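For reference, each letter of the sequence shown is one residue, going 1 to 435 in full-length UniProt numbering. A quick write-up on the structure given underneath.
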Amino acid sequence: MEAKARNFATCIPTGIQGLTDKHHDLLYKEYCLKILVPSEDDTSDNWSKQYNPYKSWSMKFAAMSYEELCMAINILLLGIVQKRNGYSGLSLLPTLVKNFKKLENGMVMYSAEHGEYVLVVAPLLLIEADTPCHSELCGILGPATLLPCRKCYCVLRRNVFLEVKEYFLKKHMPRTWKHYVMANSTDKRETIMPDVLGTNTPVNARALSFMNHSSGCLLELKAFDPSKDTPVEILHTILLGTAKYLINELVKKNLKPHPDKLERLANGLKEHDISTGLSRKDFKVLLQILPGALLRDFSDNQKIETILPCFVELGHLCSLVFVRQIESRFEEYITQVNHAVNSLIAKLHESDMANVANLKHLPLSTKPKTHNMIHLTEDIRRFGPALNFETEKGEQFNKYIREHLIRTNQLNTLRDICHKFTKQAVMQHIFANGS
């Protein structure tokens with residue numbers, strides 16, 4: 001599924017004030033609809049992110065093909081702030097929301113392509129970010145709480161005996177836009193919320209993991225719903241989430257105490273160049289070759305036998321979600337993804353139950369990122385294939401920010417970065433004939 005750029009005709013009056021007579025016909029002519037996709041991410045002026053970290057906001061238009069979305073020229077820097085003295089990415093949010101509201105309501109702009117003034121409407125479609133950033137933007141406490149999900153009220157208890165398998169597979173009471181508005185109505189989140197947990201006991205918003213954040217201004221946008229427009233991101237949820245958990249479980253806990261077995265696995269993977277510091281690309285390679293190597297060399301190992309089905313189901317899920325577009329039978333595709341997610345979580349739960357006597361084993365089926373996969377089909381139905389809203393493109397854009405940071409004189413880095421990207425945007429606008 002690819003979103004194509006289109007012009008839409010309308011005769012609905014807008015809320016814009018101060019239009020002159022020559023602009024009056026805009027209300028009854030074509031106007032340009034652009035859909036915005038902002039994203040938030042971390043970067044730094046060194047090759048690691050440990051020192052002098054920065055938070056950046058970038059944006060792209062949704063009505064592009066996947067290839068166009070991946071081009072750095074189509075990613076626009078909105079702002080950058082250094083994380084110190086209490087400043088973070090949320091510090092830029094009030095200013096960004098103010099401008100998003102103007103674009104949402106519509107702005108009159110001159111179009112060189114049309115040769116006349118047009119009414120540009122650019123609502124917010126979704127916000128791309130990793131799981132901690134999404135929780136922060138939604139005003140939800142971190143993953144260590146009992147209710148870490150920003151989309152529903154699933155209770156994840158990680159230090160007690162496991163719930164039954166069906167508990168992790170079913171749909172729980174959803175968090176809604178109205179719930180977010182109610183929670184944001186008081187500064188300290190003391191609003192009494194509906195009985196979403198079914199306990200017949202009134203609880204305030206803070207007890208449901210709503211916390212006091214400056215991200216409440218996002219609720220002023222008509223097009224944004226925190227529970228729906230912060231989609232599950234497959235890079236951090238699957239590759240750097242479940243896949244990482246399983247590989248660590250396999251190597252560090254099952255094979256590392258037995259050097260001979262670890263060496264046997266290394267020999268089985270020797271034809272593949274796997275680095276010691278695993279990146280997201282390495283995890284993709286491992287997910288393709290590990291099930292075969294484990295089945296061939298460790299089929300008689302009881303400990304690995306419990307985790308092997310998890311790798312098989314994970315590989316099946318990855319083969320479904322890492323696709324650029326679905327050309328036909330979309331509903332069948334949704335059904336297959338949902339079945340793959342449920343099968344993976346079921347196998348993770350079975351592996352946890354098989355290791356319940358092992359005190360060093362940390363349950364994988366209770367991880368917040370594991371639960372987030374339950375909502376993946378909802379986001380695919382709303383926004384298309386998961387590659388359309390993963391943060392890989394934003395991660396790649398960080399290298400341009402980092403290059404500018406390294407080449408500044410370190411006196412006023414934020415100003416230098418903004419000036420540099422502004423000049424590039426102006427030159428791009430000129431070479432595009434002002435359109």
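C-beta: ideal position from N, C-alpha, C; glycine also. Remember, predicted model here, so these are calculated numbers, not experimental data.
Contact test: residue i Cβ vs the ligand HEM heavy atom, cutoff 6 Å
i    : result
P143 : The ligand content of the structure shown is nil, which means the ligand HEM is not present either.
When the options are compared against residue i, the one with the closest alpha-carbon
i    : options                   : result
N267 : K284, I289, P363 and A386 : I289
P363 : K151, D379, T422 and N248 : N248
V426 : S65, Y54, M64 and L76     : L76
C217 : L414, K98, F389 and A72   : K98
L78  : R84, L92 and T413         : L92
P309 : E332, A243, Y333 and N358 : A243
H134 : T95, F210, Y66 and E166   : F210
I238 : Q428, K369, A223 and T191 : K369
K165 : M64, H349 and L250        : H349
G315 : I334, D300 and V285       : V285
W177 : L197, F224 and N85        : F224
P385 : K252, Y66 and S58         : Y66
Beta-carbon gap between residue i and residue j smaller than 7 Å
i    : j    : result
S365 : I307 : no
L125 : A62  : yes
R329 : L387 : no
M182 : Y153 : no
L221 : F100 : yes
S215 : L90  : yes
D130 : H236 : yes
L344 : E305 : no
I192 : N204 : yes
F389 : E128 : yes
K303 : N254 : yes
K83  : P53  : yes
With 16 other Cβ atoms within 10 Å as the buried cut-off, status of residue i
i    : result
S111 : exposed
K60  : buried
D195 : exposed
G292 : exposed
V155 : exposed
S275 : A caution first: S275 carries a pLDDT of 48, below 50, which makes its placement in the model too unreliable to give a value.
Y87  : exposed
H114 : exposed
P202 : exposed
M71  : exposed
K55  : buried
A144 : exposed
H429 : exposed
D300 : exposed
E104 : buried
Interface flag, residue i vs chain D, CB-CB below 7 Å
i    : result
S209 : The question asks about chain D, but that chain is absent: this structure has only one protein chain.
Presumed contact (8 Å Cβ cut-off) between residue i and residue j, rounded CB distance
i    : j    : result
L162 : M353 : 6 Å
V81  : L414 : 7 Å
P148 : Y180 : At roughly 16 Å, the Cβ-Cβ gap does not stay under 8 Å, so P148 and Y180 are not in contact.
Worksheet entry | Inter-stretch contact (C-beta, 8 Å, three-pair minimum) for the stretch 335-349 and the stretch 308-327 | yes
Worksheet item: Below 8 Å, can you find three or more Cβ-Cβ pairs linking the stretch 226-239 to the stretch 367-380?
Response: yes
Worksheet item: Between the stretch 254-264 and the stretch 175-191, are three or more C-beta pairs nearer than 8 Å?
Response: no
Worksheet entry | Three-pair Cβ contact test at 8 Å for the stretch 115-122 versus the stretch 135-145 | Taking a cut-off of 8 Å for Cβ pairs, the stretch 115-122 and the stretch 135-145 do not touch, as fewer than three such pairs fall below it.
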